[in-house]
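There are 2 protein chains.
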Amino acid sequence: MLDLGYNERRALEIIRADGPISRVELGRRLGVSAPTMTRMTATLTDQGLIREAQPIEPPEGRGRGKPSSMIDLDGDGLHSVGVFFDPDEMAVCVTDLRGNIRAERRHRLQSRQFDDLMRLASGTAEELLAEAGLDRERLVGCGISFPGHFSVDSGRLTRIPQFADWRAINAPGDFEPYFDMPVHHENDGKAAALNELYYGVGKRRDNFVLILLTYGIGGGIVLRRSLYRGAHRNAAEFGGIFPKSQPRPSGQDLCDLLSAGGVEVTRLVDIGAHHLDHPIVEQWTERAAEQLRLLVLMLARTVDPGEIVFGGSLPLALQERIRERLLAGELGEDFLVEAPEISVTGMSSMMHRGAATIPLYRTMTPGHYPGRALKGWR
Amino acid sequence: MLDLGYNERRALEIIRADGPISRVELGRRLGVSAPTMTRMTATLTDQGLIREAQPIEPPEGRGRGKPSSMIDLDGDGLHSVGVFFDPDEMAVCVTDLRGNIRAERRHRLQSRQFDDLMRLASGTAEELLAEAGLDRERLVGCGISFPGHFSVDSGRLTRIPQFADWRAINAPGDFEPYFDMPVHHENDGKAAALNELYYGVGKRRDNFVLILLTYGIGGGIVLRRSLYRGAHRNAAEFGGIFPKSQPRPSGQDLCDLLSAGGVEVTRLVDIGAHHLDHPIVEQWTERAAEQLRLLVLMLARTVDPGEIVFGGSLPLALQERIRERLLAGELGEDFLVEAPEISVTGMSSMMHRGAATIPLYRTMTPGHYPGRALKGWR
DNA sequence: ATCTTTTTGTTACATCATGAATATAAATAC
DNA sequence: GTATTTATATTCATGATGTAACAAAAAGAT
Chain A
0 MLDLGYNERR
10 ALEIIRADGP
20 ISRVELGRRL
30 GVSAPTMTRM
40 TATLTDQGLI
50 REAQPIEPPE
60 GRGRGKPSSM
70 IDLDGDGLHS
80 VGVFFDPDEM
90 AVCVTDLRGN
100 IRAERRHRLQ
110 SRQFDDLMRL
120 ASGTAEELLA
130 EAGLDRERLV
140 GCGISFPGHF
150 SVDSGRLTRI
160 PQFADWRAIN
170 APGDFEPYFD
180 MPVHHENDGK
190 AAALNELYYG
200 VGKRRDNFVL
210 ILLTYGIGGG
220 IVLRRSLYRG
230 AHRNAAEFGG
240 IFPKSQPRPS
250 GQDLCDLLSA
260 GGVEVTRLVD
270 IGAHHLDHPI
280 VEQWTERAAE
290 QLRLLVLMLA
300 RTVDPGEIVF
310 GGSLPLALQE
320 RIRERLLAGE
330 LGEDFLVEAP
340 EISVTGMSSM
350 MHRGAATIPL
360 YRTMTPGHYP
370 GRALKGWR
Chain B
0 MLDLGYNERR
10 ALEIIRADGP
20 ISRVELGRRL
30 GVSAPTMTRM
40 TATLTDQGLI
50 REAQPIEPPE
60 GRGRGKPSSM
70 IDLDGDGLHS
80 VGVFFDPDEM
90 AVCVTDLRGN
100 IRAERRHRLQ
110 SRQFDDLMRL
120 ASGTAEELLA
130 EAGLDRERLV
140 GCGISFPGHF
150 SVDSGRLTRI
160 PQFADWRAIN
170 APGDFEPYFD
180 MPVHHENDGK
190 AAALNELYYG
200 VGKRRDNFVL
210 ILLTYGIGGG
220 IVLRRSLYRG
230 AHRNAAEFGG
240 IFPKSQPRPS
250 GQDLCDLLSA
260 GGVEVTRLVD
270 IGAHHLDHPI
280 VEQWTERAAE
290 QLRLLVLMLA
300 RTVDPGEIVF
310 GGSLPLALQE
320 RIRERLLAGE
330 LGEDFLVEAP
340 EISVTGMSSM
350 MHRGAATIPL
360 YRTMTPGHYP
370 GRALKGWR
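Read top to bottom, the protein sequences are chains A and B.
The first sequence begins at 0 in numbering that gives the first Met the number 0 and counts up by one.
The second sequence begins at 0 in numbering that gives the first Met the number 0 and counts up by one.
Listed below in structure tokens is the structure:
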């Protein structure tokens with residue numbers, strides 16, 4: 000089916016991040032000649048992946064010479080299904096090549112059995128595809144994301160906290176029978192990091208770390224615009240830094256504290272604006288921020304990312320407070336080098352759109368091409 | 000001069016790691032066809048970078064068919080100068096393409112002035128090149144490494160601990176006038192990591208972290224066989240994790256403790272085997288290992304490297320004791336995923352050979368090619 | 001001993017993405 | 001209007017690649 004060359008992928012990546020963009024500017028950024036750009040844009044247009052953009056540019060500020068025609072991603076070029084679930088809910092969506100969500104649906108989970116979850120996911124996916132009326136030819140696949148770890152014999156998924164009743168999942172083999180399309184998966188943190196790469200921080204950074212605060216603590220690392228998985232696929236598993244027997248900066252910890260303190264909160268979504276000034280929440284925030292300061296310091300000194308993004312299902316205002324506390328104090332004693340920028344992301348769709356990003360990323364990233372050769376490099 | 004294609008660089012990397020190797024096996028690993036291998040090996044042989052290796056293979060174990068001829072790096076193909084210095088000494092060497100040290104010399108430092116250091120380095124380099132009798136045409140350049148940090152306006156070197164009398168160094172411009180060859184530099188940890196990549200752990204790992212214990216605490220991170228520098232060129236600056244006002248796992252800290260305890264030790268090299276059972280050293284080792292356990296845990300949970308290597312100028316036996324202590328206890332509570340392997344490297348030449356590796360790496364790595372395009376990818 | 005099979009490596013040729021040179025189009029400057 | 005500038009398209013030569021056919025060397029079968 001779709002077989003993109005290396006420079007074509009790089010071009011699409013630049014267009015995604017900075018489009019609309021002219022052929023000349025794109026060629027300059029890619030380091031290829033004008034004729035190559037003409038050809039490349041022609042074939043990408045033929046494939047329906049890009050199109051001429053509206054000439055919405057300001058008439059001011061143009062110099063002499065023929066005005067450039069701008070190209071941009073064609074949203075109808077490809078689409079992708081995303082499935083995210085956690086212990087509470089499932090969210091399914093269909094996104095297009097530009098990351099727009101064409102259709103989405105959320106379910107409260109009635110069952111956490113693997114079979115039930117997969118049936119619900121694939122059924123919903125088919126409904127959404129029908130609703131959105133999208134050409135199946137242009138569907139790159141389905142991405143699934145959920146909280147969980149990997150074990151070393153790669154693909155083997157184990158120890159999913161709230162899905163302990165699952166048998167050991169062997170991905171992608173165990174997912175595929177339920178879906179009439181290619182299936183890919185990543186854990187929640189890495190999928191959310193892909194969402195950031197395509198539609199968030201990635202617009203301004205090539206290296207960043209996402210710290211995802213949900214019931215647990217996870218995240219994803221993107222280096223050189225490529226999702227970094229680590230030797231055992233356990234990179235960015237920040238939860239393991241904070242012992243489960245101790246207070247830790249996780250949503251579960253906050254929920255437990257609140258319900259122990261007599262507040263009627265069992266799920267993260269139950270925490271509303273009126274809880275934010277509750278002393279338990281304030282204490283928790285203070286302590287969590289200090290714990291996260293250690294993590295941020297470690298990341299700054301090891302990975303040295305350009306930016307560290309906080310995201311997840313804690314209330315946005317709470318995440319903002321954590322950020323403020325982190326910025327208030329010193330990152331570490333003698334921190335004399337440049338500190339990463341710290342930001343908060345609040346996309347409500349980050350989880351399931353992140354899942355939908357997985358197949359797009361697999362299809363389009365110039366990161367690396369397993370098993371194939373780079374030819375013609377000079 | 001030398002202009003290597005992408006697949007040629009990949010080939011040289013595989014030959015370096017696993018050579019001698021047959022054309023067929025190399026082609027399989029690269030994912031290219033047999034004719035391409037014939038051509039590629041022919042051009043690389045013409046350029047003097049590879050040669051047929053002695054058929055030292057065991058006559059046993061061969062199946063039917065024409066026996067393969069093995070190719071290997073030609074040591075005479077390229078060479079490189081390495082300069083390392085720290086507050087105590089300078090070490091200069093000339094290495095060949097295979098990493099053999101053809102000539103080397105060490106100096107106790109009489110002066111730490113920039114000008115004096117550069118004159119000494121370049122003078123020694125010229126002497127060594129003359130001694131080794133190597134063709135200047137095949138010299139890729141000079142690599143310089145020393146302890147220090149970078150500041151963000153890249154190239155600007157600042158805050159070198161014991162070289163505080165230096166003005167701000169603007170690399171490579173400030174180095175080049177002293178040398179009659181291209182000059183590259185990295186700080187000590189990153190250069191030592193390159194040494195590991197080419198001649199140490201890199202033989203078995205694509206992802207690893209080097210923790211370098213000298214007077215300070217530094218290191219380097221190699222991901223996907225590529226030195227990772229971070230957004231501000233401060234990746235793997237582990238020293239900043241341990242506040243200078245507190246006891247920390249650095250050689251300086253140990254020296255200070257020893258001399259405060261009445262032991263005649265001012266430099267790390269003064270610490271000999273007879274000191275290892277001294278109670279101060281034993282206490283320091285115990286405490287340093289516990290501090291390093293935190294770092295190792297953080298690395299395992301963030302970077303997830305396949306292996307973590309300890310190296311540096313502490314006595315090897317001391318490093319081994321640290322390793323044993325780390326292995327003895329749990330890495331962290333609930334550490335349920337795969338832990339990185341932990342090893343100790345003891346190459347006495349790791350610092351200056353690491354420096355000499357910089358120009359080779361810049362010339363030969365397939366990692367990434369700034370400012371140039373990948374063409375012909377399909 | 002010789003013939004077959006297997007594996008390695010080479011040669012001839014077609015393919016395909018590329019850049020240089022050139023041409024064309026559309027705007028501003030004079 | 002004409003020259004200049006900038007963007008894009010077209011033509012053609014180049015260079016790295018893969019396919020197919022072939023040559024060479026060794027083990028095993030007869």
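Cβ atoms here follow ideal geometry from the backbone N, Cα and C, with glycine treated the same way.
Please read all numbers here as calculations on a predicted model, not as lab measurements.
Selected residue, minimal CA-CA separation from residue i, among the options
i         : options                                      : result
Phe309(A) : Leu275(A), Gly47(A), Thr301(A) and Met349(A) : Met349(A)
Leu128(A) : Val80(A), His231(A), Gly219(A) and Pro66(A)  : Val80(A)
Ile143(A) : Asp187(A), Arg118(A) and Gly122(A)           : Asp187(A)
Ser32(B)  : Asp303(B), Ala10(B) and Glu263(B)            : Ala10(B)
Glu306(A) : Lys65(A), Trp165(A), Leu222(A) and Asp87(A)  : Leu222(A)
Arg104(A) : Glu126(A), Asp75(A), Lys243(A) and Glu323(A) : Glu126(A)
Ile49(A)  : Phe84(A), Lys65(A), Arg97(A) and Glu337(A)   : Arg97(A)
Pro358(A) : Thr94(A), Leu43(A) and Gly47(A)              : Thr94(A)
Trp165(B) : Asp179(B), Leu1(B), Gly147(B) and Arg22(B)   : Gly147(B)
Leu116(A) : Ala102(A), Ile210(A) and Phe83(A)            : Phe83(A)
Pro86(B)  : Phe162(B), Thr40(B), Glu340(B) and Gly122(B) : Phe162(B)
Ala355(B) : Leu1(B), Arg28(B) and Ala124(B)              : Ala124(B)
Pro171(B) : Gln53(B), Leu193(B) and Cys141(B)            : Cys141(B)
Gly76(B)  : Arg232(B), Met69(B) and Arg15(B)             : Arg15(B)
Beta carbon proximity, residue i to chain B, threshold 9 Å
i         : result
Gly199(A) : no
Asp303(A) : yes
Distance between residue j and residue i (C-alpha atoms, nearest Å)
i         : j         : result
Glu195(A) : Asp73(A)  : 20 Å
Gly238(A) : Gly328(B) : 20 Å
Asp173(A) : Phe113(A) : 10 Å
Glu7(A)   : Thr344(A) : 29 Å
Glu88(A)  : Arg107(A) : 4 Å
Val91(B)  : Met363(A) : 46 Å
Thr361(A) : Pro278(A) : Note on residue identity: the sequence assigns Arg, not Thr, to residue 361(A). When rounded, the distance between both Cα atoms is 45 Å.
Ser110(B) : Phe145(B) : 15 Å
Arg352(A) : Gly47(B)  : 52 Å
Gly271(B) : Leu313(B) : 10 Å
Tyr214(A) : Pro246(A) : 13 Å
Asp2(A)   : Ala191(A) : 26 Å
Arg286(A) : Ser244(B) : 24 Å
Glu185(B) : Gly250(B) : 21 Å
Lys189(A) : Ala235(A) : 8 Å
Ala120(A) : Thr42(A)  : 35 Å
Arg135(A) : Met346(A) : 27 Å
Pro176(B) : Val200(A) : 41 Å
Glu337(B) : Pro181(B) : 43 Å
Segment limits, alpha helix (DSSP H) that includes residue i
i         : result
Glu51(B)  : From DSSP, Glu51(B) is part of no alpha helix (DSSP H) but of the beta strand (DSSP E) over Ile49 to Glu51.
Asp187(B) : Asp187 to Tyr198
Leu291(B) : Pro278 to Thr301
Chain A contact for residue i (CB, 9 Å cutoff)
i         : result
Arg15(B)  : no
Thr364(B) : no
Tyr360(B) : no
Val308(B) : no
Phe174(B) : no
Glu289(B) : no
Gly311(B) : no
Assigned exposure category for residue i - 16 Cβ within 10 Å defines buried
i         : result
His183(A) : buried
Gly229(A) : buried
Pro248(B) : buried
Thr301(A) : buried
Pro339(A) : buried
Pro34(B)  : exposed
Where the beta strand (DSSP E) through residue i begins and ends
i         : result
Glu340(B) : Glu340 to Val343
Thr94(B)  : Glu88 to Asp95
Glu306(A) : Glu306 to Gly311
beta-carbon residue i near the ligand COA non-hydrogen atom, thresh 8 Å
i         : result
Leu325(B) : This structure lacks the ligand COA, and indeed carries no ligand of any kind.
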